[in-house]
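Trainee: Here it is, the structure, as structure tokens.
Number of protein chains: 2
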Amino acid sequence: MIKYSNGQNFTKKPEKSSKFSINSTSFSHSNRGMNLEEDINLSNEYYKANESCLVTKRPTPINVVSVDYTKGAVITNAYFEKQSTTDYNGVYKGRYIDFEAKSTQKTSSFPLANVSKHQIDHLKHVLKHGGIAFFIIEFAKLDQVFLLDASYVIEYFENGTRKSIPYQDVLENGHQIKKGLAPRLDYLEIIEKNYMNS
Amino acid sequence: MIKYSNGQNFTKKPEKSSKFSINSTSFSHSNRGMNLEEDINLSNEYYKANESCLVTKRPTPINVVSVDYTKGAVITNAYFEKQSTTDYNGVYKGRYIDFEAKSTQKTSSFPLANVSKHQIDHLKHVLKHGGIAFFIIEFAKLDQVFLLDASYVIEYFENGTRKSIPYQDVLENGHQIKKGLAPRLDYLEIIEKNYMNS
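Protein chains in written order, with my numbering: chain A, 1 to 198; chain Z, 199 to 396.
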């Protein structure tokens, strides 16, 4: 699943300048238009450098149809595949962490259309095997980012009649993530407080 | 890093028929030419279906240069990037698992040229954070597959003067993985016995 800073268009169509690479993280701190994905990638780099935890982003799955070897293995025909898992996973104090990051421009609710059945199934498996599973949800216009346990999103997705999670519910059941320079989004602090003593 | 069943050519050049997708796993059991990667993918599917553990393969990172939107987001120019992590990670009983799979045609040793510095660094971080880290090494001509703890490969990689790990050392320090129909490679049995009581 490809995400955009505008948060509303979760189609597979990327911006032309996008690079689908885990290596394309920019360390420029001057970019005000930095999106959620970049903030998380920078936070993960910070955590890695500080040896707090190790979380990596899964590359976007791409199905390669043809490759031109005369030019040194240039891919000439390929298409994006649907991410069947989540964007991020990693390890903290031996525990498995798995999460998906989503941004929305809405201010009153988080639309569940942004979440796929595949991702819900994946996160259910993670929980079944004792992993720590959650969503990082950004309300871009409110400039607020929350960590919301996957079990809560799963329940809404499977049993709810609504097609979105009200902002008020995210506020009450999630944990607001502190923003800063480094880490930009300190989600690990929330994991430490809420997941490590159980 | 792209792997081949012949195990000797670990360049970035793929076979033309290769699909770089986590969704391309085939369930045909009649294919005798099935390679190590396919065996592991099938084992992971088996483990998932049996709710033993959840291990997924990271997609091959691809840097997209240009996309043709007139044809519905067809990638027309892209290139393979070096995998900076490992091929597989997942969760078993809450614990984080991370490993790389390599096959060799050699019978007397496992060449370390198959392993990148990036992967060694990644696995060192995994160990530092309490994750379970290992290599699955296939000696294709011997029809033998071993699970070898990452710490052992790291030591050879960093301190060894040799450019390979002798087969005898893999035999003595690794754990031979039982082959079967389902799972095709029962590496989880080894994890349960050797990593879960510590």
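Even glycine gets a Cβ: it sits at the ideal position worked out from N, Cα and C.
Among Z:A271, Z:K300 and Z:N261, which residue has its Cα nearest to the Cα of Z:D237?
Mentor: Checking every option, the nearest Cα to that of Z:D237 belongs to Z:K300.
Trainee: Shorter than 8 angstroms from the beta carbon of Z:V268 to some beta carbon of chain A?
Mentor: Residue 268 of chain Z is actually Thr in this sequence, not Val. False, the Cβ-Cβ gap to chain A never drops below 8 angstroms.
Trainee: Let me see if you follow: with CB-CB separation under 8 angstroms, is A:K102 close to chain Z or not?
Mentor: no
Trainee: Along chain Z, which residues have their Cβ under 8 angstroms away from the Cβ of A:F80?
Mentor: A271 and I273
Trainee: Taking the straight line between their C-alpha atoms, what separation do you get for Z:G378 and A:K193?
Mentor: 43 angstroms
Trainee: Ignoring anything shorter than 4 residues or poking outside the segment 310 to 336 of chain Z, list the alpha helix (DSSP H) runs there in chain order.
Mentor: 315 to 326
Trainee: According to DSSP, Z:T302 sits in a beta bridge with which residue or residues?
Mentor: Z:F337
Trainee: Nearest-angstrom Cα distance between Z:A311 and Z:K361?
Mentor: 7 angstroms
Trainee: How many angstroms separate the CA atom of Z:E353 from the CA atom of Z:L321?
Mentor: 12 angstroms
Trainee: From the beta carbon of A:E189, is the nearest beta carbon of chain Z less than 8 angstroms away?
Mentor: Residue contact check for A:E189 against chain Z: no CB pair falls below 8 angstroms.
Trainee: For the putative contact between Z:V324 and Z:I334, defined by C-beta atoms under 8 angstroms, what is the C-beta separation to the nearest angstrom?
Mentor: Their Cβ separation, rounded to whole angstroms, is 15 angstroms, which puts Z:V324 and Z:I334 out of contact at 8 angstroms.
Trainee: Please list the terminal residues of the continuous beta strand (DSSP E) segment that includes A:L220.
Mentor: Summary: the structure shown does not reach residue 220 of chain A, with chain A confined to residues 1 through 198, and so no result is reported for it.
Trainee: With a threshold of 8 angstroms, are at least 3 pairs of Cβ atoms found where one atom belongs to the segment 44 to 60 of chain A and the other to the segment 85 to 98 of chain A?
Mentor: Yes, they touch.
Trainee: Taking only beta-carbon positions, decide if A:T60 is within less than 8 angstroms of chain Z.
Mentor: yes
Trainee: Chain A beta carbons: is any one of them nearer than 8 angstroms to that of Z:N242?
Mentor: no
Trainee: Could you work out which residues of chain A lie near Z:G329, taking near to mean beta carbons separated by less than 7 angstroms?
Mentor: V91 and G94
Trainee: Alpha carbon to alpha carbon, what distance is there between A:E158 and A:A78?
Mentor: 33 angstroms
Trainee: So, for Z:N221: in the same chain, excluding its five sequence neighbours on each side, which residues have a beta-carbon less than 8 angstroms away from its beta-carbon?
Mentor: The predicted position of Z:N221 is uncertain, since its pLDDT is 34 and thus under 50; no value can be drawn from it.
Trainee: Return the chain-ordered list of same chain residues with a C-beta closer than 6 angstroms to the C-beta of A:T76, the five sequence neighbours on each side being excluded.
Mentor: S66 and D68
Trainee: When the Cα atoms are used, what is the spatial distance from A:F80 to A:T86?
Mentor: 15 angstroms
Trainee: For Z:S241 and Z:L383, which I take to be in contact (beta-carbon distance under 8 angstroms), what is that distance rounded to the nearest angstrom?
Mentor: Contact annotation, Z:S241 with Z:L383: C-beta distance approximately 5 angstroms; criterion of less than 8 angstroms satisfied.
Trainee: Residues in the same chain with beta-carbon distance under 6 angstroms from Z:S282, minus the five sequence neighbours each way, listed in chain order, please.
Mentor: H316
Trainee: Since Z:P259 and A:P59 should fall inside the 8 angstroms C-beta cutoff, what is the C-beta to C-beta distance between them, to a whole number of angstroms?
Mentor: 4 angstroms
Trainee: In chain A, which residues lie less than 7 angstroms from Z:V313 when you measure between Cβ atoms?
Mentor: Going along chain A, no residue has its Cβ under 7 angstroms from Z:V313, so there is no contact; the nearest lies around 18 angstroms.
Trainee: Determine the chain A residues that contact Z:T359 at a beta-carbon separation under 9 angstroms, and present them in chain order.
Mentor: Going along chain A, no residue has its Cβ under 9 angstroms from Z:T359, so there is no contact; the nearest lies around 29 angstroms.
Trainee: Relative to the C-alpha of A:T104, which candidate in A:L36, A:P183 and A:I177 has its C-alpha closest?
Mentor: A:L36
Trainee: Looking at the C-beta of Z:E249, does it have a partner C-beta in chain A at a distance below 8 angstroms?
Mentor: yes
Trainee: Considering only residues of the same chain and omitting the five flanking positions on each side of A:A150, which have a CB-CB separation below 6 angstroms?
Mentor: L123, A133 and F134
Trainee: Note down, in chain order, every chain Z residue with its Cβ under 7 angstroms from the Cβ of A:L54.
Mentor: H323, V324 and H327
Trainee: Where does A:Q176 sit, in a helix, a strand or coil, going by DSSP?
Mentor: strand
Trainee: Among A:V115, A:E189, A:G72 and A:A182, which residue has its Cα nearest to the Cα of A:K82?
Mentor: A:V115
Trainee: Take A:N177 and list the residues in its own chain whose beta-carbon comes closer than 6 angstroms to its own, dropping the five residues that flank it on each side.
Mentor: Reading the sequence as shown, one finds Ile at residue 177 of chain A and not Asn. Within the same chain, A:I177 has close Cβ partners V145, L147, L185 and Y187.
Trainee: Can you list, in chain order, the residues of its chain with a C-beta nearer than 6 angstroms to that of Z:S219? Leave out the 5 residues immediately preceding and following it.
Mentor: Residue placement at Z:S219 is flagged as unreliable, the pLDDT there being 37, under the threshold of 50; the coordinate-derived value follows with that caveat. No residues qualify anywhere along the chain.
Trainee: Please list the terminal residues of the continuous alpha helix (DSSP H) segment that includes Z:L234.
Mentor: L234 to A247
Trainee: Ignore the nearest five residues each way along the sequence and tell me which others in Z:A271's own chain have a CB closer than 8 angstroms to its CB.
Mentor: Closer than 8 angstroms at Cβ, skipping near neighbours: V265.
Trainee: When DSSP builds the beta bridges, which residues end up paired with A:G90?
Mentor: BP columns for A:G90 point to A:V55 and A:I97.
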